[in-house]
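Below you'll find the structure, written out as structure tokens, and then a few comments.
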Amino acid sequence: MNVLKKINFYTALLCAKSVNKVLHIFRRAGTSLPGVVALKLQGDFISFVNYYCKKNIITITGTNGKTTTAGLIAHILKTANSKVLHNEKGANMLSGIASSLAVNYKPFTKFDYAVLESDEAYLTKLYDYLSANYLLVTNLFRDQLDRYGELDTTAKKIEEAIKKNPKLKVILNADDPMLSELGEGNEKIFYGFEDIEYKDQSTASQSPMEAVMCKCKTALSYIKRFYAHIGQYFCKNCRNEHPTPKYKAKALIYSDYSEIILYKNNQELKFTTNLVGAYNAYNVLSALALTMELGIDNNTIQLALDSYKPAFGRAQRMKISDRNILVQLIKNPTGASEVLRTVNAAENKKLLIIINDKYADGRDVSWLWDADFEILKNYGNEIVVSGTRAYDMAARLKYAGFSKDKIKIIPKIKESINYSLDTIPKDSQFLIMPTYTALLEMQKIFNKQ
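Per the numbering used here, numbering through the sequence shown is continuous, rising by one, with the last residue being 480.
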């Protein structure tokens, strides 16, 4: 980085940090405004990562699990005593990434790793500024069709990004057939499950099947299907097969934790995590694959899994007003269906579902009809619905077979939270399922309490 560029960079950095301080004073922190300022002053602000990262730049994309996977990787690397720059808030468009980097970067220092989560559609733009060493892709599901289009459109966007960097190492979920063709010409490393066993049968997945075709336009067949289109697949027509994972594992899913048994070098390595559900088992396995590629030892990884705290809203637990709160983000049919598997009327004394339709959520909320809300038809407690599409959610619950007499509609989010807290006993669990912008509003509400 030449002298003039350094001056411009530090000017943009100082301005962004100053904006962030002002936002904190007025309790408006958490917006992408510092990043907007940084990019306005220096269009390639994000490129400073190339100059100050000593080891590897790691990028993560995909429909579900980006924030958790990136958080796990960053936490494992920090547990290994590495300096890590990470957009931990989950802001994954260019302005959000720039904002997080500006706020977290300590001037005149270098760091070992950058761990950057990226929105699928913005990855190719991010790679205009970054020479990443690794790209981890979690999965592809139908998500915000008004923004992304169908699955093959999203896959093409990721492929366009990969083609910008032929030296990029690509780590892919072998169990997602949408990913197997990505990164031709690049070094590819696959991870996947040999089996997923539900020790508590109530958590077993029955997610609706995504329509995924082989490249020969034949419907795929499955030896095992774990959820949606994720599983061990093959094509009867062209004999296209499920890739053999370098990191192959078995998952044991319990109601409040999971075990990942990794088969490596004729050994069985067992890892435990407090993250629950098959979707989180995949997040953990992907993080294991990447950090093992970097040479992180097993003991360090397990220490990190033991101490990992999820990002806000990603299976995060907290306590407010003597109520135990669990927050689980929902944003598409498959993700919502998998979260719904964890709903237990005996444990969750109150359920609040908050549906917004702002740009970051996706304007089209027709996905509510593809998610398996029928699971809730025998839920014995009251369900509160809120957000800009509260009435749509209430209608969906009614058609799912849930009693309309037990649906409470409170469109304003703060009022819905206060009502829910006031109507359950102390030490009871309160489950909240918000969309993305609802999650951000909730975070501001909780920060003030």
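From the three backbone atoms N, C-alpha and C, an ideal C-beta is built for every residue, glycine too.
The beta carbon of GLY223 lies closer than 7 Å to those of ASN204, ALA205, ASP206, PRO276 and LYS279 in the same chain, with the five residues before and after it left out. Nearest Cα to LEU154 within the set ILE91, ASN95 and ALA133: ILE91. For GLN359, the three-state secondary structure derived from DSSP is strand. Between the alpha carbons of LYS141 and PRO341 lies a gap of roughly 26 Å. At the C-beta level, ALA122 and ILE77 stay beyond 8 Å of one another.
Distances from the CA of ILE444 to each of ILE385, ALA192 and TYR390 were compared; the closest alpha carbon is that of ILE385. Your pair LEU70 and SER126 checks out as a contact, with CB atoms roughly 6 Å apart and the cut at 8 Å.
DSSP places MET473 within a helical segment (H, G or I) once states are collapsed to three. Segment contact: the segment 299-316 against the segment 262-275, fewer than three CB-CB distances shorter than 8 Å; contact not assigned. Taking 8 Å as the cut-off, the Cβ atoms of GLU218 and ILE189 do not count as close.
A straight line joining the alpha-carbon of LEU210 with that of ASP353 spans about 44 Å. The C-alpha of THR169 lies about 31 Å from the C-alpha of ASN51.
Here ALA318 carries a helix assignment [DSSP, helix/strand/coil]. With three or more CB-CB distances shorter than 8 Å, the segment 283-293 counts as touching the segment 304-312. Under the three-pair Cβ rule at 8 Å, the segment 466-478 does not count as touching the segment 398-415. Scanning PHE343, ARG420, ASP436 and VAL374 for the CA closest to the CA of THR98 turns up PHE343. Our two residues, VAL67 and LEU199, have alpha carbons roughly 28 Å apart in a direct line. Cα atoms of CYS46 and LEU161: separation of roughly 22 Å, rounded to the nearest angstrom.
One alpha carbon belongs to ASN95, the other to LEU171, and they sit about 7 Å apart. By alpha-carbon distance to GLU446, the top candidate from ASN271, MET424 and VAL415 is VAL415.
DSSP places GLY262 in the uninterrupted beta strand (DSSP E) bounded by 261-265.
Under the three-state reduction of DSSP, HIS273 is assigned to coil, being neither helix nor strand. Contact between the segment 361-380 and the segment 461-468 is present, with at least three C-beta pairs closer than 8 Å. Within the same chain, GLN73 come within 6 Å of ASN39 by CB-CB distance, once the 5 residues on both sides are set aside. Around the beta carbon of ALA250, fewer than 16 other beta carbons lie within 10 angstroms, which makes this residue exposed. Linking ILE440 to SER451 through their CA atoms gives a straight-line distance of about 11 Å. In the displayed model, CYS46 falls within a helix according to three-state DSSP.
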